[in-house]
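The block underneath contains the structure these notes are about, expressed in structure tokens.
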Amino acid sequence: MGTLSRWSIGDRARVCRLRSMGNWRPRGTVEDGMTLLHSAPMPGPRSNSKVSRTRALTWSALALLLLLLNGCEGPVGLNVEEVRVEVRAALDAYLPQLALAYDDMDPSHLADVAVPKELAHVQLRVNEMAARGERIVSAIQQLTLDDIRLARSTAYVLTTEVWDIELRTIGSDHVLYSYPNTQYRVRYQLKLDGGQWRIVFRQLTETEQQ
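Per my numbering, numbering of the sequence shown is gapless, rising by one per residue and ending at 272.
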């Protein structure tokens, strides 16, 4: 299983400084509404002047001081460690409801934890399974947050998850296939909406049956 991603103080201070200067962006491409999670700070404008170098050193010192005292905060005053706890709580609430949505074939179970776009995506999957006469019965066994990045009021998250999954026929408990202890690597996009983190997108990237 993965472990929580940790930046060095120097890396986090550099990210904080660049965020403060408005130059930090998550790096990746946009696919089906999902911004890829792996990101890095973009360099700010280059200058050879002594004043610019002095200002850069000042930004670094201030960012490091804030990091040591309060932790790294995002562009809208979001504390990374606090957000990590909140995002974990959001996923803990979302994943059982996702399992229930597929079991009942009713995405409305996600209404309180996800945005309408995610409900529509799950509805599409439910329709595909219904056309085959199938439904999924599943239970989350383990969730690990491997990485979390912030950009404004959006969180990009990478997790490792272990699920027990059964594929059954609709209207019966007949098990077509069983996949116990299946490990997934999953990418998420969440947005802060009215003080609550909601799921915008979920994408499986790797699967491994233990």
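By construction, the Cβ of each residue, glycine as well, lies at the ideal position given by its N, Cα and C atoms. Remember, it's a predicted structure, so these values are computed and weren't measured experimentally.
So what does residue i bridge to, in DSSP terms?
i: L220; result: D209, R249
i: I261; result: A176, L252
i: V199; result: E228
i: V237; result: R230
i: L266; result: V248
i: Q204; result: V224
i: Q271; result: T244
Could you check which residue in the options has the C-alpha nearest to that of residue i?
i: V149; options: V237, L220, Q245, T231; result: L220
i: A151; options: D165, H171, L205, P178; result: L205
i: G256; options: D165, S234, A176; result: A176
i: E143; options: T269, L212, T267, E270; result: L212
i: K253; options: A217, E196, L157; result: A217
i: E190; options: L153, I232, D154, L172; result: I232
i: R249; options: P242, N243, L186, E268; result: E268
i: P242; options: A163, D226, S215; result: D226
i: Q203; options: Y246, G195, R230; result: Y246
i: L157; options: R230, T222, S215; result: T222
Given that a residue counts as buried once 16 or more other Cβ atoms are within 10 Å of its Cβ, and exposed if not, what is residue i?
i: E180; result: buried
i: P169; result: buried
i: I198; result: buried
i: Y239; result: exposed
i: S200; result: buried
i: A161; result: buried
i: Q251; result: buried
i: A192; result: exposed
i: V237; result: exposed
i: R22; result: Outside the modelled stretch of the chain, which goes from 63 to 272, sits residue 22, for which no answer is possible.
i: M63; result: Its pLDDT being 42, under 50, M63 is placed unreliably by the model, and the measurement read from it follows with that caveat. Counting Cβ neighbours within 10 Å, M63 comes out exposed, since fewer than 16 surround it.
i: A163; result: buried
i: V262; result: buried
i: Q271; result: exposed
i: L266; result: exposed
i: L186; result: exposed
i: V145; result: buried
Going by DSSP in three states, residue i sits in which element: helix, strand or coil?
i: S170; result: helix
i: L186; result: helix
i: R214; result: coil
Return no unless some Cβ of chain C is closer than 7 Å to the Cβ of residue i.
i: G257; result: No chain C is present in this structure, which holds just one protein chain.
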